[in-house]
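Worksheet: the structure to be examined is printed underneath.
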Amino acid sequence: MITLTILSTNSYANQAATDQVKFANAWVKKPMPGMHMTAGFVEIENVTDSSLRLVAVRTSFSAHSELHSMIMVDNVMQMRKVADGWLIAPGAILTLSPGGKHAMLMGLKHTMKNQSEVTLEFNIEGIGWVAVPAEVRVPKT
């Protein structure tokens, strides 16, 4: 019964999300051999008339997941955890991409194969967790 309730709740959140946000181009960087962390990327479009906020990320294949930004400090690029997430204005697209905002995935639980599919879950304030399929791939150089 509990499992059914969880699945129903996730299903509802995913349906609600399709009416409020659109996810596109989701992918996860294939980690280098021996690395136990990687990053996830996606485009999230707010199709509502109100602002939305991305507040968290999680996966089943990593022990810990965080939202991160890259910033320049004293001519050195640094990665920082984002505490309050990111606001997505009405009609705007939030882009998580290499070298910028991204989902940091740490403590990988298994080897990730190129072109395999994984699931990233994003928590949108007021909507809940939304499962987004993503392809594991080697970044283009």
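Residues in the sequence shown are numbered consecutively from -15, following this note's numbering.
We put the CB at the ideal spot given by N, CA and C, even for glycine.
Quantities reported herein were computed from a predicted structural model and do not represent experimental measurements.
- If you look at residue 75, you'll find it isn't in any beta strand (DSSP E); DSSP assigns it neither H nor E.
- Judged by their CB atoms, residue 64 and residue 48 are not nearer to each other than the 8 Å cut-off.
- Ranked by how close their Cα comes to the Cα of residue 25, the residues 109, 19, 80 and 99 have 80 in first place.
- Distance check between residue 19 and each of 90, 4 and 112 places 90 closest, using alpha-carbon atoms only.
- Going by DSSP, residue 86 is part of the beta strand (DSSP E) stretching over 86 to 92.
- Taking the C-beta atoms as reference points, residue 105 is found no nearer than 8 Å to residue 117.
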